[in-house]
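For reference, the structure is listed below as structure tokens.
In our numbering, the protein residues as written are 1284 to 1505.
Put into structure tokens, the structure is as follows:
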């Protein structure tokens, strides 16, 4: 009798251990499953990617179109001082839909996260400066790259040599190839096939974050 009871207890322990292991394995696989699917993210990217292409042209391409109205251009050049004249900016065409720096920022925040947008804002509206002789009496800061866009006396202006800094653009994406790689509480990582100038190119991975205003890209798309 004692031997039989001992055998039963051992069997229960083994059964419980097996059940516990099975639950743990199922839990591990359950946690690894994406919280969102490709079907969830496809309409999101269908909306965001075309908007990001327009913003890429603003930040990394030739920039916004310039005003060709001779009277407006003349009024602009009569309005700024010699420092700005030396840097060479030209007025942006207001018909393009952007009349202020805030207009560009608002459009950017409809597509990208605040963190990624800050990188774009620094590049476009602050320029890049280098600090020399830090901590000494001769410490000074020299501007290496001037801002891409500034506002001057009511005009949104663009630096005239943006074309010199432009990168090749024109990447498109195959949304049917969309694959969710992983997701967590902060966002989701996806992968898509891309094309450049109509030719197959590299697969691109992107990270998206769900904000209180909807999904936003947290990765470049150019």
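Here a beta-carbon is modelled for each residue, glycine too, at the ideal position from N, C-alpha and C.
For residue 1480 and residue 1452, the gap between their C-alpha atoms comes out near 9 Å. With respect to residue 1442, residue 1371 sits close: the two C-beta atoms are nearer than 8 Å. Excluding residues up to 5 positions away in sequence, 1477 and 1478 lie with their Cβ nearer than 6 Å to the Cβ of residue 1484 in the same chain. Taking residue 1373 as the centre and dropping the five residues before and after it, the same chain places the C-beta of 1349, 1440, 1441 and 1443 closer than 7 Å to its C-beta, in chain order. Within a 10 Å sphere around the beta-carbon of residue 1430 sit 16 or more other beta-carbons, which makes this residue buried. A Cβ-Cβ distance of about 19 Å is found for the pair residue 1339 and residue 1492, leaving them out of contact under the 8 Å criterion. For residue 1342, the secondary structure class from DSSP, reduced to helix, strand or coil, is helix. Rounded to whole angstroms, residue 1323 and residue 1473 show a C-alpha spacing of 11 Å. Note on residue 1499: 16 or more other CB atoms within 10 angstroms of its CB, so buried under the neighbour-count rule.
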